[in-house]
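Numbering (this note's numbering), first residue to last: 41 to 418. Cβ coordinates follow ideal geometry from the N, Cα and C atoms, glycine included. Values in this document were obtained by computation on a predicted structure and should not be read as measured data. What follows is a single structure, written as structure tokens, with notes after it.
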């Protein structure tokens, strides 16, 4: 919206937004830890991790994760008004600045959080590397081999910033709208097929019954955005590959990159606090009503580059488009699944941390591009 109307926000408003953004990424990483840990083992053992168990070391890990989330959401609530769907951001900046006391509270929380996230990062890296070095994983009573190239694909990566993002108002924007194209699902996905493989032992409840008809072309509800004509990967690995020379690939690299972003969130918050003037203005002196020009802004959300495009004229929105991280990642994830044992396909999907309503439909395709099995991932 601000890019469309040409509204530059005050420096202190931008700092508060970055603090809010970093806090959001922090509690999202911690939540993702909870979601993926059941895929992994305690290093050096054959015991799967249950983050909800009362036994050690599970309880200590869960307690640390919950405290990290509490710290992050408290910071977000102070800077943004609320932790979820924050109410303080507005067109033109923020509704209000924080008090000196609130600023100090954020600093105290960030310093406490730094100790915890370093501990959690090291724990997660040990767990991920242990799984990466295993030859197989047990799924549904079967030993399933783990390919060294699990989740690999040949698509490019896309990121606009290590932490916050970019917009068309920037002197040197890091995203180019002319390189983006959107394809409708019925022009991208395969047509109707019949499932002819069934596994009743697959957790939980087995796969879809053989003989079921599926039509990805018509059932898919997401459009397919491309950059330079190709799907791209967005998210932690893309950010580290673009800005920090991270050169690992695949599912485990995505997990590793996400853990490496843990401390950056809190260092960013502390740096913003150093520069924040609690007496500074946080609302632009003049908020234009727009002339219908198209503007865009890219935010490096936890899952990846989240781009919003808008046209505003005379205070009314004429057009609005959202290119969310999961929309970018879906076609790339599909290519990362190629060649993976279908029993551990969920591990590949979870590495992208997809924002999906209720469930994701997974299909297994043979060498002739025929669907042989289907699974709904809850």
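Using beta-carbon positions only, say whether residue i and residue j come within less than 8 Å of one another.
{"i": "residue 229", "j": "residue 171", "result": "no"}
{"i": "residue 203", "j": "residue 340", "result": "yes"}
{"i": "residue 191", "j": "residue 338", "result": "no"}
{"i": "residue 231", "j": "residue 262", "result": "no"}
{"i": "residue 268", "j": "residue 250", "result": "no"}
{"i": "residue 108", "j": "residue 74", "result": "no"}
{"i": "residue 274", "j": "residue 198", "result": "yes"}
{"i": "residue 207", "j": "residue 43", "result": "yes"}
{"i": "residue 410", "j": "residue 233", "result": "yes"}
{"i": "residue 392", "j": "residue 294", "result": "yes"}
{"i": "residue 225", "j": "residue 260", "result": "yes"}
{"i": "residue 379", "j": "residue 187", "result": "yes"}
{"i": "residue 195", "j": "residue 375", "result": "yes"}
Taking the C-alpha atoms as reference points, what is the distance between residue i and residue j?
{"i": "residue 89", "j": "residue 217", "result": "43 Å"}
{"i": "residue 387", "j": "residue 290", "result": "11 Å"}
{"i": "residue 122", "j": "residue 66", "result": "15 Å"}
{"i": "residue 110", "j": "residue 394", "result": "22 Å"}
{"i": "residue 301", "j": "residue 390", "result": "17 Å"}
{"i": "residue 145", "j": "residue 116", "result": "12 Å"}
{"i": "residue 357", "j": "residue 41", "result": "8 Å"}
{"i": "residue 212", "j": "residue 265", "result": "23 Å"}
{"i": "residue 348", "j": "residue 86", "result": "45 Å"}
{"i": "residue 148", "j": "residue 124", "result": "21 Å"}
{"i": "residue 292", "j": "residue 114", "result": "30 Å"}
{"i": "residue 239", "j": "residue 252", "result": "13 Å"}
{"i": "residue 12", "j": "residue 210", "result": "Since the first residue of the chain shown is 41 and the last is 418, residue 12 is not available in this structure."}
{"i": "residue 94", "j": "residue 306", "result": "29 Å"}
{"i": "residue 129", "j": "residue 325", "result": "16 Å"}
{"i": "residue 242", "j": "residue 119", "result": "45 Å"}
{"i": "residue 286", "j": "residue 280", "result": "5 Å"}
{"i": "residue 193", "j": "residue 314", "result": "41 Å"}
{"i": "residue 45", "j": "residue 276", "result": "31 Å"}
{"i": "residue 248", "j": "residue 215", "result": "41 Å"}
{"i": "residue 220", "j": "residue 366", "result": "16 Å"}
{"i": "residue 227", "j": "residue 408", "result": "19 Å"}
{"i": "residue 152", "j": "residue 244", "result": "39 Å"}
{"i": "residue 284", "j": "residue 127", "result": "33 Å"}
{"i": "residue 71", "j": "residue 96", "result": "20 Å"}
{"i": "residue 316", "j": "residue 223", "result": "43 Å"}
{"i": "residue 282", "j": "residue 344", "result": "12 Å"}
Can you list, in chain order, the residues of its chain whose CB lies under 6 Å from that of residue i, leaving out five sequence neighbours each side?
{"i": "residue 309", "result": "59, 62 and 150"}
{"i": "residue 322", "result": "50, 52, 53, 133, 134 and 137"}
{"i": "residue 327", "result": "47 and 132"}
{"i": "residue 359", "result": "351"}
{"i": "residue 112", "result": "63, 66 and 67"}
{"i": "residue 79", "result": "387"}
{"i": "residue 364", "result": "346"}
{"i": "residue 377", "result": "385 and 388"}
{"i": "residue 312", "result": "55, 58 and 59"}
Can you find the residues in the same chain that come closer than 7 Å, C-beta to C-beta, to residue i, ignoring five residues on each side of it along the sequence?
{"i": "residue 296", "result": "165, 168 and 288"}
{"i": "residue 162", "result": "none"}
{"i": "residue 69", "result": "298, 301, 302 and 342"}
{"i": "residue 318", "result": "137, 138, 139, 140 and 143"}
{"i": "residue 77", "result": "89 and 91"}
{"i": "residue 421", "result": "Because the chain here runs from 41 to 418, residue 421 falls outside it and cannot be looked at."}
Grab me the residues of residue i's own chain with a C-beta within less than 8 Å of its C-beta, minus the 5 sequence neighbours each way, in chain order.
{"i": "residue 303", "result": "154, 157, 158 and 161"}
{"i": "residue 246", "result": "238, 239 and 240"}
Quiz item: Looking at C-beta atoms only, is the number of pairs between the stretch 117-135 and the stretch 53-61 that lie closer than 8 Å three or more?
Solution: yes
Quiz prompt | Stretch pair the stretch 89-107 + the stretch 371-383: three plus CB contacts closer than 8 Å | solution = Contact between the stretch 89-107 and the stretch 371-383 is absent, because fewer than three Cβ pairs lie under 8 Å.
Quiz item: Are the stretch 162-176 and the stretch 319-339 touching, with three or more C-beta to C-beta distances below 8 Å?
Solution: no
Quiz item: Contact between the stretch 179-199 and the stretch 383-397: three or more CB pairs below 8 Å?
Solution: yes
Quiz item: Quick check: the stretch 317-337 against the stretch 351-369, are there 3 or more CB pairs under 8 Å?
Solution: Contact between the stretch 317-337 and the stretch 351-369 is present, because at least three Cβ pairs lie under 8 Å.
Practice problem: Pick out the complete beta strand (DSSP E) segments inside the stretch 273-361, 3 residues or longer, and give them in chain order. | Solution: 331-341 and 344-353
Quiz prompt | Any alpha helix (DSSP H) of 4 or more consecutive residues that is wholly inside the stretch 141-168 | solution = none
Quiz item: Where in the stretch 226-281 do unbroken runs of the alpha helix (DSSP H), each at least 4 residues long, occur, reported from the N-terminal end onward?
Solution: 256-259
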